[in-house]
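A.B. asks: Input: one structure, supplied below.
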Amino acid sequence: MKILKTKSGGELTRSEMQHFGGPYKFWEKLLAGGVGSNRLIYQGGIPEIELLKRNIEGELVFINFELLPNGFIIRANCNQRKLTMGLKISDIESITMKARRLTLHVEDGIKIVHEGDIEIRERYAQEFSKFSVVASEFKDLVQFFLSKQLSGKFKYTVVG
Numbered sequence: 233m234k235i236l237k238t239k240s241g242g243e244l245t246r247s248e249m250q251h252f253g254g255p256y257k258f259w260e261k262l263l264a265g266g267v268g269s270n271r272l273i274y275q276g277g278i279p280e281i282e283l284l285k286r287n288i289e290g291e292l293v294f295i296n297f298e299l300l301p302n303g304f305i306i307r308a309n310c311n312q313r314k315l316t317m318g319l320k321i322s323d324i325e326s327i328t329m330k331a332r333r334l335t336l337h338v339e340d341g342i343k344i345v346h347e348g349d350i351e352i353r354e355r356y357a358q359e360f361s362k363f364s365v366v367a368s369e370f371k372d373l374v375q376f377f378l379s380k381q382l383s384g385k386f387k388y389t390v391v392g
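Per the numbering used here, the sequence shown runs over residues 233 to 392.
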């Protein structure tokens with residue numbers, strides 16, 4: 233995983249974009265159902281993202297992923313302190329989601345939802361990155377990780 237250079241608006245520089253296979257064409261994004269993920273909550277494992285934190289209780293680092301042909305971009309935001317990193321798909325050993333089934337009692341009866349944790353393990357790295365998935369983002373994030381490029385590396389289990 234490496235820190236990426238971005239322009240003032242947050243877009244990747246041309247050389248950084250080419251390193252990850254270049255941008256998708258508009259129609260490719262449409263056919264894929266989009267190339268960006270919903271929001272996750274960062275839990276640990278990336279020292280560069282840890283530097284965004286100010287050790288204030290309750291402060292969260294939100295993460296979004298953007299899929300590119302040869303990798304994905306990780307965008308971190310902690311109260312407007314931002315960092316962009318990239319990871320080549322070939323450098324990913326595994327992506328594991330452990331989901332928890334939640335039973336909610338709502339006005340109409342019972343509703344089943346899921347939340348979970350994601351771990352991304354890189355080849356040649358001792359640590360792994362950890363993220364939390366809230367119930368409202370769960371279905372869309374599963375779809376994101378089941379994309380053609382990541383599906384061979386993605387596994388998930390549901391407990392509870």
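Backbone N, C-alpha and C define an ideal beta-carbon position, used for all residues, glycine too.
Just the Cα atoms here: how many angstroms apart are Gln275 and Ile350?
C.D. replies: Distance from the CA of Gln275 to the CA of Ile350, rounded to the nearest whole angstrom, comes to 9 Å.
A.B. asks: For my contact list, Gly253 and Leu300 are in at a C-beta cut-off of 8 Å; report their separation, rounded to the angstrom.
C.D. replies: 5 Å
A.B. asks: If you count every other CB in all the chains shown that lies within 10 Å of the CB of Arg307, and 16 or more means buried, which is it?
C.D. replies: The residue in question, Arg307, is buried, as its Cβ has 16 or more Cβ neighbours within 10 Å.
A.B. asks: Which stretch, first to last residue, makes up the beta strand (DSSP E) that contains Asp372?
C.D. replies: No beta strand (DSSP E) holds Asp372; the alpha helix (DSSP H) holding it covers Phe370 to Phe377.
A.B. asks: Helix, strand or coil for Leu262 per DSSP?
C.D. replies: helix
A.B. asks: On the CB-based measure, 16 or more other CB atoms within 10 Å of its CB, does Glu280 come out buried or exposed?
C.D. replies: exposed
A.B. asks: Using the Cβ count rule (16 or more neighbours within 10 Å means buried), how would you classify Phe258?
C.D. replies: exposed
A.B. asks: Could you check whether Phe370 and His337 sit closer than 8 Å to each other, using their CB atoms as the reference points?
C.D. replies: no
A.B. asks: With distances taken between CB atoms, is the gap from Asn296 to Gly277 smaller than 8 Å?
C.D. replies: no
A.B. asks: Can you check whether the CB of Phe304 is closer than 8 Å to the CB of Arg271?
C.D. replies: no
A.B. asks: Given that a residue counts as buried once 16 or more other Cβ atoms are within 10 Å of its Cβ, and exposed if not, what is Ser361?
C.D. replies: Per the 10 Å Cβ criterion, buried.
A.B. asks: Sorted by chain position, which residues of the same chain lie with C-beta nearer than 6 Å to Leu382's C-beta, five sequence neighbours on each side aside?
C.D. replies: Within the same chain, Leu382 has no close Cβ partners at all.
A.B. asks: For Thr335, which residues from the same chain have a beta carbon less than 7 Å from its beta carbon, with the 5 sequence-adjacent residues on both sides left out?
C.D. replies: Ile342 and Ile344
A.B. asks: Would Met317 and Lys239 qualify as a contact pair, given that the criterion is a beta-carbon distance under 8 Å?
C.D. replies: no
A.B. asks: So, under 8 Å CB-CB, Val391 and Arg353 are touching, yes? Tell me the CB distance rounded to an integer number of Å.
C.D. replies: In fact, because the Cβ distance is near 20 Å, the residues do not count as touching under 8 Å.
A.B. asks: DSSP three-state call for Gln381: helix, strand or coil?
C.D. replies: coil
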